[in-house]
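Okay, so here's the structure we're looking at.
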Amino acid sequence: MDKRKSELSEAELDTLFSASDAEAPLPSGDLMARILADAEAEQGARSEPVARRGFLGTLREALGGWAGISGLAGAVATGLVIGVFPPDALSYYSSLLLGGDVIYSDYVPALSEVSFDG
Amino acid sequence: MALDAMSEVSDEALLVLYANGDATAARSLSVRLAPRILGHAYRMLNDRAEAEDVTQEALMRLWKIAPDWRQGEAKVTTWLYRVTANLCTDRLRKVRHSDIEDAPEVADGAPSADQTLIAKARAEALNDALAGLSDRQRQAVVLRHIEGLQNPEIAEIMDISVEAVESLTARGKRALAGALGKRRAELGFYDG
Numbered sequence: 000m001d002k003r004k005s006e007l008s009e010a011e012l013d014t015l016f017s018a019s020d021a022e023a024p025l026p027s028g029d030l031m032a033r034i035l036a037d038a039e040a041e042q043g044a045r046s047e048p049v050a051r052r053g054f055l056g057t058l059r060e061a062l063g064g065w066a067g068i069s070g071l072a073g074a075v076a077t078g079l080v081i082g083v084f085p086p087d088a089l090s091y092y093s094s095l096l097l098g099g100d101v102i103y104s105d106y107v108p109a110l111s112e113v114s115f116d117g
Numbered sequence: 000m001a002l003d004a005m006s007e008v009s010d011e012a013l014l015v016l017y018a019n020g021d022a023t024a025a026r027s028l029s030v031r032l033a034p035r036i037l038g039h040a041y042r043m044l045n046d047r048a049e050a051e052d053v054t055q056e057a058l059m060r061l062w063k064i065a066p067d068w069r070q071g072e073a074k075v076t077t078w079l080y081r082v083t084a085n086l087c088t089d090r091l092r093k094v095r096h097s098d099i100e101d102a103p104e105v106a107d108g109a110p111s112a113d114q115t116l117i118a119k120a121r122a123e124a125l126n127d128a129l130a131g132l133s134d135r136q137r138q139a140v141v142l143r144h145i146e147g148l149q150n151p152e153i154a155e156i157m158d159i160s161v162e163a164v165e166s167l168t169a170r171g172k173r174a175l176a177g178a179l180g181k182r183r184a185e186l187g188f189y190d191g
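If you read the sequences in order, they're chains A and B. Just so we're aligned: 50 in numbering that gives the first Met the number 0 is position 51 of the first sequence, and the numbers increase by one with no gaps anywhere. Just so we're aligned: 122 in numbering that gives the first Met the number 0 is position 123 of the second sequence, and the numbers increase by one with no gaps anywhere.
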């Protein structure tokens with residue numbers, strides 16, 4: 000028998016690929032509901048603690064807590080310019096206010112005198 | 000923003016909107032991405048329930064990393080395909096299911112005049128044959144010939160060279176052509 004007939008041709012294989020694409024399973028309503036519930040839960044988990052902390056609380060966390068702030072305060076006191084913030088360490092809001100990667104003493108005045116939200 | 004007004008917004012922009020608290024953005028992203036991820040996972044796993052679990056897990060990971068997403072570094076779909084592949088590979092390693100035993104029945108003899116049945120039978124036959132490929136060959140073939148991605152993006156998803164993608168797809172297609180050739184008649188392929 001013709002050996003070629005034991006294999007599908009390129010065109011026949013393409014026909015099967017198209018059929019597979021057309022017959023792709025669609026997400027059920029139940030699956031979509033679960034996905035959206037996950038999205039909502041994740042959003043809720045993020046928003047609530049940030050709202051309680053406020054901006055300075057968020058900044059404190061981004062700086063590595065109190066240990067990070069004490070080091071930063073020392074550096075600021077000596078007039079150093081610090082580039083310590085990788086973009087993803089700060090929230091989008093914080094990075095807009097601070098102007099990105101570098102923080103100057105003008106933007107964070109007298110940290111020791113500021114009371115942070117608990 | 001209304002759901003339909005987001006149709007022109009990129010996946011990446013929608014993700015940033017979601018990270019900033021826009022619930023509609025999550026719905027738009029889910030409607031866009033869930034079918035693609037489900038389809039891809041189903042072709043990797045040949046199991047609807049497992050594919051749904053993988054789809055939910057992959058999108059959960061997307062929701063979690065949304066605040067850290069850096070625009071311009073990667074496409075959301077590229078990242079998601081990679082996550083999906085990893086999740087599928089983990090499942091395949093745990094349960095090496097017998098696809099021959101679970102294969103759905105294909106119509107015997109000459110195909111019926113019902114084109115819908117023929118398309119369904121062909122899709123199922125292809126899924127059965129895909130299950131016989133190695134995981135990497137299957138992933139490359141599905142991404143190229145069913146998801147319609149180009150080789151450079153596939154290379155990025157699979158973390159291999161473009162040449163390696165071409166080799167995987169070529170070998171995978173040869174294997175499919177051989178496996179499915181035996182079922183030519185029942186798939187509705189006739190001479191002349």
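We put the CB at the ideal spot given by N, CA and C, even for glycine. Remember, it's a predicted structure, so these values are computed and weren't measured experimentally.
Practice task
Give every residue of the same chain whose Cβ lies closer than 7 angstroms to the Cβ of LYS172 of chain B, excluding the five residues on either side of it in the sequence, and list them in chain order.
Solution key: VAL140
Residue span of the alpha helix (DSSP H) that contains GLN136 of chain B, given as start and end
Looking at the DSSP string, the run of the alpha helix (DSSP H) that includes GLN136 of chain B is 134-144.
**Prompt:** Given a threshold of 16 other Cβ atoms within 10 Å of its Cβ, counted over all protein chains shown, does LEU71 of chain B qualify as buried or as exposed?
**Reply:** One detail in the question is off: residue 71 of chain B reads as Gly in this sequence, not Leu. Exposed, by the Cβ-count rule.
- [ ] Tell me whether ALA73 of chain B sits in a helix, a strand or coil according to DSSP, three-state version.
- [x] coil
Check ILE159 of chain B in the structure and name its three-state DSSP category.
In the structure shown, ILE159 of chain B falls within a coil segment according to DSSP collapsed to helix, strand and coil.
Practice task
Since I believe ARG121 of chain B is in contact with LEU15 of chain A (beta carbons under 8 angstroms), could you give me their beta-carbon distance rounded to a whole number of angstroms?
Solution key: 5 angstroms
task: Tell me whether SER19 of chain A is buried or exposed, calling it buried when 16 or more other Cβ atoms sit within 10 Å of its Cβ.
output: buried
TODO: Please go through the same chain and pick out, in chain order, the residues whose beta-carbon is closer than 6 angstroms to the beta-carbon of GLU100 of chain B, but skip the five residues on each side of it.
DONE: Since pLDDT at GLU100 of chain B reaches only 44, below the 50 mark, its modelled position is unreliable, and the value read off the structure follows with that caveat. Here the set comprises nothing.
Open item on the list: Going by beta-carbon coordinates alone, are VAL161 of chain B and ALA154 of chain B separated by less than 8 angstroms?
Closed with: Taking 8 angstroms as the cut-off, the beta carbon of VAL161 of chain B is found closer than this to the beta carbon of ALA154 of chain B.
_Against chain A, does ASN85 of chain B count as a neighbour if the rule is that its beta carbon must be under 8 angstroms from one of theirs?_
The beta carbon of ASN85 of chain B does not come within 8 angstroms of any beta carbon belonging to chain A, so the residue lies off that interface.
- Query: Touching or not, the stretch 6-23 of chain B and the stretch 37-51 of chain B, by the rule of three or more beta carbon pairs under 8 angstroms?
  - Reply: no
What is the rounded straight-line gap between the Cα of LEU7 of chain A and the Cα of ALA40 of chain B? 25 angstroms
Check this for me: beta carbons of LEU79 of chain B and LEU32 of chain B, under 8 angstroms apart or not?
yes
field: Local conformation of TYR189 of chain B per DSSP, three classes
entry: coil
Worksheet entry | The alpha helix (DSSP H) enclosing LEU44 of chain B, as first and last residue numbers | 22-44
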